[in-house]
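Reviewing the structure listed below.
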Amino acid sequence: MSEIDQLPPNVQERIARLQQLQNMLQTLVAQKQRLEIELSETDRALKTLEGVTSGTKVYQSVGAILVEKPKEDVVKELGERKEFLEMRTKAMGKQEDKTRERLTALQQTLQKELNLQPGPIEP
């Protein structure tokens, strides 16, 4: 029998919940990093377009092809995408913070409960 099996059911549930929260936090952090990378790339593209004159040909990637589009249209689309990514990153950050708080509170609760558990009786 493992040590976890010897713990009270409520403690076992909290440990399982702690593992779920840890997994959720890892997922949130990875998603937020992907959003931040895309935001950085979008910002870099917008800055590059600032130095491009209106008459210059601009191409935008659409799936597996490049399509020629007016600079103004591309700037507008990138600006909208940037705004969306900023909002999504901010929301993801709040969700990450709340998950960290819940994780910390649960860790503290578990530590108290495990410290209060009577140890094995030694002869």
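Counting in our numbering, the sequence shown runs from 1424 upward without gaps. Just so you know, even glycine gets a beta-carbon here, dropped at the ideal spot from N, CA and C.
Worksheet item: When DSSP labels each residue in this structure, what does Ser1477 get in the three-state scheme?
Response: Residue mapping note: residue 1477 aligns to position 54 of the sequence shown, counting from 1. Correct three-state label for Ser1477: coil.
Discussion item. Could you tell me which whole beta strand (DSSP E) segments of length 3 or greater appear in the segment 1446–1533?
Written reply: 1481–1485 and 1488–1492
Item to complete: Have a look at Glu1506, Lys1494 and Arg1440 and flag the residue whose alpha-carbon is nearest the alpha-carbon of Leu1472.
Response: Against the sequence shown, residue 1472 aligns to sequence position 49. Of the candidates Glu1506, Lys1494 and Arg1440, the one whose C-alpha sits nearest the C-alpha of Leu1472 is Lys1494.
Discussion item. Is it buried or exposed, Val1485, if we count other Cβ atoms within 10 angstroms and call 16 or more buried?
Written reply: Here the question's residue 1485 lines up with position 62 in the sequence shown. By the 10 Å Cβ count, Val1485 comes out exposed.
Practice prompt. Round the Cβ separation of Met1515 and Leu1451 to the nearest angstrom and send it over; I've been treating them as touching at under 8 Å.
Written response: Translated into positions along the sequence shown, residue 1515 becomes position 92. Translated into positions along the sequence shown, residue 1451 becomes position 28. Rounded, the Cβ-Cβ distance is 6 Å, consistent with contact.
Worksheet item: CA-CA distance, Asn1538 and Thr1532?
Response: Numbered from 1 along the sequence shown, position 115 holds the residue referred to as residue 1538. Numbered from 1 along the sequence shown, position 109 holds the residue referred to as residue 1532. Roughly 10 Å separates the two Cα atoms.
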